[in-house]
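Notes follow the structure.
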Amino acid sequence: MVESNAVKSSIRWGSYPLIFLGCSFLQWQIIEQGLPYWPLTPLVATAGIVLIALLERVQPYEAAWNYDHDDTAVDVLHAAFSLTLIFTVVEISTLSRSFLPDAFLNIASVWPAESPLWVQVLLAGAIIDFGLWFMHWLSHQNHFLWRLHALHHSSERLYWLNGERRHPISALLLASPGLIVAIVLGAPAPVIGCWFAIIAVHLAFQHSNLDYSVGIFRHVLGVAEIHRWHHKREYEDAQVNFGEFWMIWDQLFRTFKYQRNGVRAGEVGMRENMPSTYLKQLQWPFAGRL
Ligand SMILES: [Zn+2]
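So the sequence shown is numbered by our numbering: it starts at 34 and just counts up by one.
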């Protein structure tokens, strides 16, 4: 625990701008300078996530959430699989453009390929982010999609690893529509890869147990103090703040929620019981259906 107010304030207000913007700047420079995607991009993302994990130990939002809830080992497996899956899908789907028919590729002429790379990353990011918002919202409306998504809500605490605690089918369904639209419109592979690398760091922040704030930017960014409302145990209360990066979609569709008194330990999770082992968690959505 941190005693000094100055250190506490620095971590509280400096963590997100320094780590998130720092990593994003480096990711942008990697593609701007034509540096090798592998291993630099994953290395930068990993460094950012490790820093968040360390800062949680120094200045937690909830001390109780820093202790294992019989979930750490299984969450490591989920994170390893989810990240590998998403980056493989991004690689394969961007490569697949070379197999698309010419008529399809002509649509790509709408992509602003002459714009600065950071503009293209933000544009591809907005398309992918809206797709994620919509599929996430849909996952809370449709019973079977909810069964697939529920694993993400089953954690009894919020910490840096929760962002990747997902059923692989749910992860694919959430990311695919936005990704496909971005690819069809002609977003280049490095641009899409850069956005997913940036988002990996943001996701760790979004679920982290770090006591940090972005002030008024919480109304447009899906940071932890906003996203914790989405993890309220009561299903009726969790129908808010679906946004992954931008909260603009939630603002537009009136699903945004913020209250000054934040969500505390004991208030997150879900009513249904989720098994604690990896394979049983993967089978859970299909229970009674096979
Ligand atoms: Zn959800």
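Glycine included, each C-beta is placed from N, C-alpha and C at the ideal position. Since we're looking at a predicted model, the values are computed, not measured.
Quick test of your reading: Ile52 and Val234, contact by CB under 8 Å. State the CB separation rounded to the nearest angstrom. On the sequence shown, position 19 is the one that residue 52 refers to. On the sequence shown, position 201 is the one that residue 234 refers to. Between the beta-carbon of Ile52 and that of Val234 there is about 7 Å, and that keeps the pair under the 8 Å contact cut.
Can you tell me which of Tyr245, Ser246, His200, Trp282 puts its alpha carbon nearest to the alpha carbon of Leu110? Against the sequence shown, residue 110 aligns to sequence position 77. Ranking Tyr245, Ser246, His200, Trp282 by Cα distance to Leu110 puts His200 first.
Backbone CA spacing between Tyr49 and Asn274 [nearest angstrom]: Within the sequence shown, residue 49 is the residue found at index 16, counting from 1. Within the sequence shown, residue 274 is the residue found at index 241, counting from 1. Our two residues, Tyr49 and Asn274, have alpha carbons roughly 19 Å apart in a direct line.
Considering only the beta carbon of each residue, do Val301 and Glu189 sit closer than 8 Å? Position 268 of the sequence shown, counted from the first residue, corresponds to residue 301. Position 156 of the sequence shown, counted from the first residue, corresponds to residue 189. Cβ distance < 8 Å, so Val301 and Glu189 count as in contact.
C-alpha distance - Val143 paired with Glu65, whole-angstrom precision: As a working note, residue 143 is residue 110 in the sequence shown. As a working note, residue 65 is residue 32 in the sequence shown. C-alpha separation (whole angstroms): 21 Å.
Inter-residue Cα distance where the pair is Pro318 and Leu181: Working through the sequence shown from its first residue, we reach residue 318 at position 285. Working through the sequence shown from its first residue, we reach residue 181 at position 148. The alpha-carbon separation between Pro318 and Leu181 amounts to approximately 5 Å.
Ligand 1: which residues have Cβ under 7 Å from any of its heavy atoms, chain order? Cβ atoms closer than 7 Å to ligand 1 belong to His169, Ser172, His173, His182, His185, His186, His263, Ala271, Phe275.
I need the boundaries of the alpha helix (DSSP H) containing Thr79, first residue and last residue. In the sequence shown, residue 79 corresponds to position 46, counting from 1. Taken as a continuous stretch (DSSP letters only), the alpha helix (DSSP H) holding Thr79 covers 70–91.
Tell me the rounded alpha-carbon separation between Phe163 and Trp282. Taking the sequence shown and counting its residues from 1, the one referred to as residue 163 is at position 130. Taking the sequence shown and counting its residues from 1, the one referred to as residue 282 is at position 249. Between Phe163 and Trp282, the C-alpha separation is close to 7 Å.
Straight-line gap, Trp262 to Asn294 (C-alpha atoms, nearest Å): One-based indexing of the sequence shown puts residue 262 at position 229. One-based indexing of the sequence shown puts residue 294 at position 261. In a straight line, the C-alpha of Trp262 is about 11 Å away from that of Asn294.
Could you check where the alpha helix (DSSP H) with Arg45 kicks off and where it finishes? For this step, residue 45 is matched to residue 12 along the sequence shown. Segment 38–48, the alpha helix (DSSP H) holding Arg45.
Buried or exposed (CB count within 10 angstroms, at least 16 for buried), Asn306: Counting from one through the sequence shown, the residue named residue 306 turns up at place 273. It counts as exposed.
Could you check the C-alpha separation between Trp46 and Asn99 for me, to the nearest Å? The residue you call residue 46 lines up with position 13 of the sequence shown. The residue you call residue 99 lines up with position 66 of the sequence shown. Across the structure, Trp46 and Asn99 are spaced so that their CA atoms are roughly 20 Å apart.
Between Ile125 and Ala208, which are expected to be in contact by the criterion C-beta below 8 Å, what is the C-beta distance as a whole number of angstroms? Within the sequence shown, numbered from 1, the residue matching residue 125 stands at position 92. Within the sequence shown, numbered from 1, the residue matching residue 208 stands at position 175. Wrong, their Cβ atoms sit about 13 Å apart, outside the cutoff.
Whose C-beta lies closer than 6 Å to the C-beta of Gly158 among residues of the same chain, with five residues either side of it excluded? Here residue 158 corresponds to residue number 125 of the sequence shown, with the count starting at 1. Closer than 6 Å at the Cβ level, and outside the excluded window around Gly158, lie Trp228.
Can you say whether Pro145 is buried or exposed, counting buried as having 16 or more other CB atoms within 10 angstroms of its CB? Within the sequence shown, residue 145 is the residue found at index 112, counting from 1. Exposed.
Which residue comes first and which comes last in the alpha helix (DSSP H) that contains Trp61? Indexing the sequence shown from 1 puts residue 61 at position 28. Segment 55–65, the alpha helix (DSSP H) holding Trp61.
Residues bridged to Trp279 [DSSP beta-bridge criterion]: On the sequence shown, residue 279 is found 246 positions in, with the first residue counted as 1. BP columns for Trp279 point to Leu254.
Here's a check: name, in chain order, each residue in its chain whose Cβ is nearer than 6 Å to the Cβ of Ala78, leaving out the five neighbours to either side. Your numbering for residue 78 matches position 45 in the sequence shown. So the qualifying residues of the chain are Ala230, Ala233, Val234.
Alpha carbon of Arg297 to alpha carbon of Glu95, nearest angstrom: The sequence position of residue 297 within the sequence shown is 264, counting from 1. The sequence position of residue 95 within the sequence shown is 62, counting from 1. When only Cα atoms are considered, Arg297 and Glu95 end up about 7 Å apart.
Going along the chain, which residues of its own chain have a beta-carbon closer than 6 Å to the beta-carbon of Ser203, five neighbours each way excluded? As a first step, residue 203 is located in the sequence shown; it is residue number 170 there, counting from the start. Result list for Ser203: Leu181, His182, in chain order.
Would you mind sorting Thr117 into buried or exposed? The rule is 16 or more other CB atoms within 10 Å of its CB. One-based indexing of the sequence shown puts residue 117 at position 84. Label assigned to Thr117: exposed.
Helix, strand or coil for Lys265? Go by DSSP, reduced to three states. The count along the sequence shown starts at 1 and reaches residue 265 at position 232. Strand, per DSSP.
Quick one, which of Arg90, Ser57, Gln60 has its alpha-carbon nearest Asn242's? Residue numbering aside, residue 242 sits at position 209 when the sequence shown is read from its first letter. Closest in alpha carbon position to Asn242, among Arg90, Ser57, Gln60, is Arg90.
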